[in-house]
């Protein structure tokens with residue numbers, strides 16, 4: 001089945017720093033999303049981005065489907081950005097497969 | 109606002125009892141919903157795909173008699189943890205694609221289950 005890998009697994013930054021999170025996948029996809037899981041477990045949609053680039057405030061994402069990766073950029077990090085970031089995509093069997101996640105900690 | 113609602117958010121039950129968790133799509137019809145389980149500091153593990161009007165499709169290693177899934181309507185799927193044991197304690201979360209498979213996925217708020 002399709003493999004989804006995220007890097008880095010953990011990231012600790014000072015408030016105000018920028019970061020880039022990566023999601024690699026082993027097969028072609030027509031659906032990729034980025035989520036933020038807050039400390040209470042809630043999963044928040046960030047981007048639906050099967051290809052191209054999107055921006056929403058301090059966050060932006062780029063997916064290069066032909067090279068099978070997606071990047072999530074966070075600029076001017078805030079403590080509220082802390083949590084786990086997941087990429088997820090549909091497999092050929094119409095199952096939603098999650099990456100292993102990047103745990104981001106923003107220190108004040 | 110939320111487009112997928114999950115209830116309850118927190119539940120504590122005694123060993124041997126059963127617990128039902130509901131997942132509702134609020135403003136769209138969902139012929140398919142997904143149930144996940146998450147262990148501490150791990151990713152989400154797909155348990156089963158819930159299909160409206162038919163049997164759920166379980167992932168390998170997930171006991172269908174232990175985790176009963178019912179998708180009785182286009183807006184409601186339920187997960188029942190039967191004869192719960194402490195090892196069933198976990199975070200359970202559902203999701204649904206709005207507009208069908210391949211479209212934007214929305215998650216419920218999740219349910220923290222503690223079995224004592």
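Residue numbers (this note's numbering), protein chains in the order written: chain Z, 1 to 108; chain A, 109 to 224. For glycine and all other residues, C-beta sits at the position ideal for the given N, C-alpha and C.
In the structure shown, residue 65 of chain Z falls within a helical segment according to DSSP collapsed to helix, strand and coil. A direct Cα-to-Cα measurement between residue 66 of chain Z and residue 28 of chain Z gives close to 7 angstroms.
Its Cα nearest to that of residue 49 of chain Z, the residue Z:60 stands out among Z:21, Z:42 and Z:60. Secondary-structure assignment with DSSP links residue 10 of chain Z through a beta bridge to Z:103. For residue 142 of chain A, the enclosing beta strand (DSSP E) has its first and last residue at 140-146. Taking a beta-carbon distance threshold of 9 angstroms, residue 137 of chain A does not count as an interface residue toward chain Z. The contact set of residue 69 of chain Z on chain A, defined by CB atoms closer than 8 angstroms, is empty, because the minimum CB distance reaches about 18 angstroms. Secondary structure at residue 205 of chain A: strand, using DSSP grouped into helix, strand and coil.
Taking all protein chains shown into account, residue 3 of chain Z has fewer than 16 neighbouring C-beta atoms within 10 Å of its C-beta and is therefore exposed. No Cβ-Cβ contact shorter than 9 angstroms links residue 56 of chain Z with residue 71 of chain Z.
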